[in-house]
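Novice: Please find one structure pasted underneath; my questions will follow.
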Amino acid sequence: MSSVETELAMSMKQIADWALNTVTQRGAGYADVRIVDHRQRALATKNGKVGHAGSAETLGIGVRVLVNDAWGFASTDDLSREAVDKTAAQAVEIAKASARVKEEPVRLAPEPAVKIEWASHYKIDPFTTSIEQNFDLLRRIDAELLAVKGVTLAESNMQLGRCEQWFYNTDGSDIHQTRVITGAGFSALAFQGTEIMKRSYPNSFGGQHQNRGYELVDELKLVENARRIGEQAVALHKAERCPEGKMTLVLDSSQLGLQIHESIGHPIELDRVLGYEANFAGTSFLTLEKLRKLRYGSDIVNVVADATEQHGPGLGTFAYDDEGVQAQCTPIITNGLFTGYISSRETAHTIGENRSNGTMRAEGWNRIPLVRMTNISILPGEKPLTFEQLIAGTDDGIFMQTNRSWSIDDKRYNFQFGCEIGWEIKGGKLGRMFKNPSYSGITTEFWNSMDAICSRDQWTLWGTPNCGKGQPMQTMGTGHGASPARFRNVKIGSAYKGN
Amino acid sequence: MLDKNQAEKIFEKIKKFSSVDELEVIFSSTDFSLTRFANNTIHQNVAEVNEAASIRVAFDGKTARATTNRFDDESLKRAVQSAESIARVQEPDPDLLPMASAEEGKGSEAPSRWFDQTAAITPADRAEGVGKIVAVAKKNKLVTAGIFSSSQSAEAVVNSKGLSVYYRQTSAEVSITMLAENSSGWQKANSPDVNNISPVRLAETAAQKARDSHRPQELPPGKYTVILEPAAVLDLVGFMFWDFGGLAILDQRSFLNNRIGTKLFGENVTIVDDVAHPLQSNAPFDGEGVRRRRVSLVERGVIRNLVYARGTAEKMRKSEYKDKVGEIAATGHGFPLPNEMGEAPTNIVFITPGGEQTVEQMIAGTERGILITRLWYIREVDPYEKILTGMTRDGTFLVEGGKVRHGLLNFRFNQSLIEMLSNVVAMGKAVRASGEEAFDMVVPAMKIRGFNFTEVTKF
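Rendered as structure tokens:
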């Protein structure tokens with residue numbers, strides 16, 4: 003560490019000590035403190051002109067305490083001694099109020115104290131790139147899109163972020179982590195007659211997002227793909243509507259990533275299973291007796307919750323979670339069998355575990371950590387299988403790309419997804435383009451119908467930047483690795499049924 | 196809580212750090228607390244104090260914004276420099292207007308929405324309220340989950356042209372889910388005045404819904420008459436108001452493209468945007484500090500007007516659509532600049548045509564239909580026909596022979612909003628309602644013919 007960094011770390015430690023001393027004196031059995039400094043640059047263009055141009059920074063402290071076996075949390079943007087002491091005392095008072103309405107005491111799984119420094123890897127610090135350079139790229143993308151006759155709206159965006167967090171707890175942990183996050187993408191809209199068609203690249207939700215530097219933006223080849231995507235948006239107007247019926251479905255890796263997010267990632271959250279989210283995000287069909295008994299998918303479905311660096315630079319990659327538990331890789335589905343939930347120190351004991359598997363994450367200093375998806379990824383097929391080979395091995399079906407709409411019930415069982423574009427598969431080849439493709443199903447039936455998945459060379463670790471959960475609502479970035487995969491006997495086209 | 200004088204003083208400090216032509220600062224200040232419960236236990240209980248200054252600079256047709264929650268000199272100076280550096284590299288935008296004048300912010304009045312009793316709510320008060328909700332759950336042999344929140348917040352916009360507007364309000368909210376073995380019920384309410392919320396009454400209604408939907412039965416998907424309670428109505432209709440901004444038309448991303456002036460909904464649908472309505476909430480000015488005006492959006496099913504930020508109104512006057520979009524004027528609905536979305540009406544009030552029916556009367560007048568408490572995970576399937584998909588949740592019932600018969604397994608719907616608002620056969624009294632998918636509104640319960648359910652789930 004440089005002398006400036008050492009001084010900063012010391013001052014953060016001092017601020018945290020004010021809070022920890024205050025809550026300990028007031029009777030806290032356990033407490034942790036997170037000081038978070040989050041900086042962001044967000045730029046967007048629309049039809050070649052500035053759409054959004056801004057930077058934001060937020061710094062503050064959150065104090066979480068256990069008093070009388072009940073939780074309290076208070077946070078403030080004021081890091082003065084007086085404000086921190088007041089906030090810490092407030093957290094204790096809140097916990098005492100919580101203790102008035104409780105059935106069972108909170109039981110925390112033990113966790114060893116740790117002292118560590120960690121930073122995500124990047125080649126190009128995104129904040130060293132010039133704003134001029136950023137805007138120039140976005141304008142060039144828009145120009146390519148608008149060069150296509152029929153594109154009525156071209157939008158490009160870029161988000162660059164740096165999140166630095168200092169974590170301390172009464173067990174003695176001292177964890178300093180810094181993540182650099184980069185995201186970029188674009189979309190083209192084409193309005194004609196009575197239809198608005200859309201194509202996005204490389205994904206919807208603002209494109210691709212990872213814990214990486216500006217090198218990600220360079221690798222996405224945004225300008226190079228803009229013309230093709232614009233042409234597809236326009237061509238969709240002349241395409242036939244996707245047929246209805248039970249068919250073979252091939253999904254691209256980005257749509258499969260969202261399918262994982264909604265129909266595996268959320269139902270395995272142990273807090274949902276235990277009813278903590280029943281009023282808002284919902285519960286889960288994955289009740290506790292299903293662990294290691296439910297056939298979640300076919301034999302080739304292998305899913306992990308992996309927050310370690312070895313998995314890749316996903317939005318769910320870190321060294322330690324937000325209650326000081328080391329990042330881990332947990333098998334979620336093993337050869338089709340349901341084998342694991344994602345948990346916290348508070349919930350681990352409910353599934354007979356004596357340690358959290360480290361998935362507690364908070365949106366910022368002013369929010370408590372919740373059980374959140376890390377990188378929930380389907381492992382690629384072991385045998386070599388390219389996308390072309392997958393299509394060549396499919397006689398009849400539909401290939402769908404890029405999410406347009408997504409919806410799933412509050413137990414995560416019945417889902418319906420719409421995609422931006424579909425393609426007919428006939429005799430092992432891609433044929434006609436289809437507009438408005440959609441599919442629906444029941445989670446376990448769908449995953450049990452998977453009979454092929456492409457290999458590692460087709461696997462992408464996608465970033466979903468906008469996962470909402472909790473009250474007050476928290477938005478979190480999650481990672482989802484996936485290769486294109488094939489599903490049999492899927493209900494296609496139900497979104498337009500009756501309309 | 197930041198007051199107007201403090202905001203203006205901080206603005207003067209920020210001004211010293213800037214050398215550009217125009218400066219605007221949006222101040223936000225919040226003191227928010229939320230007690231969350233599940234399994235009849237308070238399991239999360241949080242509080243937040245935060246203030247932020249969002250600084251916009253403008254010069255030579257360029258503009259950018261930087262936001263910070265640190266008010267020390269160094270942080271404010273860094274934010275100003277950041278905004279200036281982001282603006283400096285831009286191409287000049289000939290459409291960028293000068294900042295709003297003091298005159299444009301004047302008249303930004305709304306009923307007082309500050310209640311000392313709401314501001315004074317303590318963690319112990321919220322715990323007491325939750326304790327009463329849990330008592331209702333236990334009395335009914337149910338398990339409950341939900342929230343009780345309270346807050347005070349303030350917002351101000353100050354700019355270098357002398358505009359200075361300020362607004363503060365309090366808010367309290369209670370949301371309750373009651374869970375039985377195979378059914379559930381839900382209720383939610385909020386108000387600036389905590390005295391308008393009765394946690395026990397909400398808990399009892401939610402408990403009754405959970406009891407009444409016990410052992411839900413399966414009904415095949417298809418088109419049914421539905422009775423949507425206000426929260427279900429608002430979560431659906433909320434998806435269309437983003438298209439009522441002028442910029443959405445200019446961008447050709449609105450379902451109102453080529454439809455303004457046409458009769459799109461039934462004769463009984465009239466909608467205004469009115470921040471001053473006694474059941475409404477939020478600041479009476481927009482992201483530039485311009486006062487919000489009452490705008491008539493839909494009159495007897497005909498799309499009449501859009502809302503506009505200042506810049507969008509200017510663009511619309513010069514556009515090919517200028518004679519087809521009704522009145523064009525800056526209505527005070529703009530988002531903070533610069534942005535891609537332009538504006539939207541967010542203070543929606545449905546004006547019911549008379550002959551309102553209570554939900555009970557709607558049930559009594561229904562031979563066969565479905566009563567819906569709440570909807571979930573609604574998403575847009577088709578942006579021009581406004582087809583929405585989503586699920587029912589927490590209280591779905593079969594109505595037969597004018598009576599609620601039993602609970603139903605939950606449905607997935609794929610329903611065009613245009614068709615839905617053309618098939619409203621009865622309305623209730625418009626009330627302040629709150630859901631989870633859209634912002635709060637003043638909406639009635641609605642009885643709708645031919646609502647399109649496409650699938651049924653297994654619970």
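Going down the list, the sequences are from chains A and Y. Residue numbering for the first sequence is 3 to 501, as defined by my numbering. Residue numbering for the second sequence is 196 to 654, as defined by my numbering. Cβ coordinates follow ideal geometry from the N, Cα and C atoms, glycine included.
1. What separation, rounded to the nearest whole angstrom, lies between the Cα atoms of proline 315/A and tryptophan 464/A?
2. Does the beta carbon of serine 346/A sit closer than 8 Å to a beta carbon anywhere in chain Y?
3. Checking 8 Å against the spacing of the C-beta atoms, do phenylalanine 193/A and threonine 154/A come in under that value?
4. Rounded to a whole number of angstroms, what is the C-alpha to C-alpha distance between glutamate 422/A and glutamate 271/A?
5. Hey, is glutamate 500/Y's beta-carbon within less than 8 Å of any beta-carbon in chain A?
6. Classify threonine 649/Y as helix, strand or coil using the three-state DSSP reduction.
7. Mind checking whether isoleucine 643/Y and threonine 420/Y have CB atoms under 8 Å apart?
8. In this structure, how does DSSP classify isoleucine 444/A when only helix, strand and coil are distinguished?
9. Answer yes or no: does any C-beta atom of chain A fall closer than 8 Å to that of glutamate 555/Y?
10. Three-state secondary structure (DSSP) at proline 128/A?
11. Would you mind giving the Cβ-Cβ distance between alanine 405/Y and leucine 337/Y, rounded to the nearest angstrom? I have them listed as a contact below 8 Å.
12. Taking one C-beta from the region 325 to 343 of chain A and one from the region 299 to 308 of chain A each time, how about it: are there three or more such pairs within less than 8 Å?
13. At a CB-CB cut-off below 9 Å, which residues of chain A make contact with threonine 568/Y?
14. Would you list the one or two residues that DSSP bridges to threonine 625/Y?
15. Flag this pair as yes or no: are the beta carbons of alanine 21/A and valine 86/A separated by less than 8 Å?
16. Quick one: which unbroken alpha helix (DSSP H) runs of 4-plus residues sit fully inside the region 293 to 338 of chain Y? Chain order, please.
17. Counting contacts by CB-CB distance shorter than 8 Å, is isoleucine 582/Y in contact with chain A?
18. Does DSSP put lysine 513/Y in a helix, in a strand, or in coil?
19. For threonine 465/Y, which of helix, strand or coil comes out of DSSP?
20. Can you tell me whether arginine 363/A is buried or exposed, with buried defined as 16 or more other CB within 10 angstroms of its CB?
21. Taking a cut of 9 Å between CB atoms, which residues from the region 100 to 116 of chain A lie near chain Y?
22. Taking the alpha-carbon positions, what's the threonine 47/A to glycine 441/Y distance?
23. Do proline 416/Y and glutamate 144/Y count as a contact pair if the criterion is CB distance below 8 Å?
24. For glutamine 460/A, count neighbouring C-beta atoms within 10 Å of its own C-beta (all shown protein chains included) and say buried if the count is 16 or more, exposed if not.
25. Given that a residue counts as buried once 16 or more other Cβ atoms are within 10 Å of its Cβ, and exposed if not, what is arginine 83/A?
26. Please report the distance separating the alpha-carbon of arginine 251/Y from that of cysteine 331/A.
27. Flag this pair as touching only if the region 300 to 309 of chain Y and the region 276 to 288 of chain Y have three or more C-beta atom pairs under 8 Å; answer yes or no.
28. Just list the beta strand (DSSP E) runs in the region 308 to 370 of chain A, keeping only unbroken ones of 3 residues or longer that don't cross its boundaries, in chain order.
29. Strictly below 7 Å CB to CB, what residues from chain A border tyrosine 361/Y?
30. Name, please, each residue of chain Y whose Cβ falls closer than 7 Å to the Cβ of tryptophan 408/A.
31. Taking a cut of 8 Å between CB atoms, which residues from the region 50 to 77 of chain A lie near chain Y?
32. Classify glutamine 403/A: buried if its beta carbon has 16 or more other beta carbons within 10 angstroms, exposed otherwise.
33. Return the bridge partner residues of methionine 373/Y from the DSSP annotation.
34. With DSSP collapsed to three states, give me the class of glutamine 234/A.
35. Give me, in chain order, the residues of the same chain whose beta-carbon lies closer than 6 Å to that of phenylalanine 489/A; leave out the 5 immediate sequence neighbours on both sides.
36. Do you know how far the Cα of asparagine 453/Y is from the Cα of aspartate 388/Y?
Specialist: Taking the coordinates as given:
1. Distance from the CA of proline 315/A to the CA of tryptophan 464/A, rounded to the nearest whole angstrom, comes to 10 Å.
2. no
3. yes
4. 29 Å
5. The sequence as given places asparagine at residue 500/Y; glutamate does not occur at that position. Chain A contact via Cβ: absent.
6. strand
7. yes
8. strand
9. no
10. helix
11. Rounded, the Cβ-Cβ distance is 6 Å, consistent with contact.
12. In short, these stretches touch, since the Cβ pair count reaches three.
13. Near threonine 568/Y there are no residues of chain A at all, since even the closest Cβ is about 13 Å away, more than 9 Å.
14. A small correction: the amino acid at residue 625/Y is alanine; threonine does not occupy that position in the sequence shown. Answer by DSSP bridge pairing: none, since alanine 625/Y is not bridged.
15. Yes; because the gap between Cβ atoms is below 8 Å, this pair is in contact.
16. 297 to 300, 311 to 314 and 318 to 334
17. yes
18. coil
19. coil
20. buried
21. Answer in chain order: Ser100, Ala101, Arg102, Val103, Lys104, Glu105, Glu106 and Val108.
22. 18 Å
23. For residue 144/Y there is no data in the structure shown, the boundaries of chain Y being 196 and 654.
24. buried
25. exposed
26. Their Cα atoms are separated by approximately 44 Å.
27. no
28. Runs found: 331 to 336.
29. The premise fails here: tyrosine 361/Y is roughly 20 Å from chain A at the closest Cβ pair, so nothing lies under 7 Å.
30. Arg574
31. Lys51, Val52, Gly53, His54, Ala55, Gly56, Ser57, Ala58, Glu59, Thr60, Leu61, Gly62, Ala72, Trp73, Gly74, Phe75, Ala76 and Ser77
32. Here glutamine 403/A is buried: its Cβ has 16 or more other Cβ atoms, across all protein chains shown, within 10 Å.
33. Thr339/Y and Gly380/Y
34. helix
35. Leu251, Ser451 and Met452
36. 42 Å
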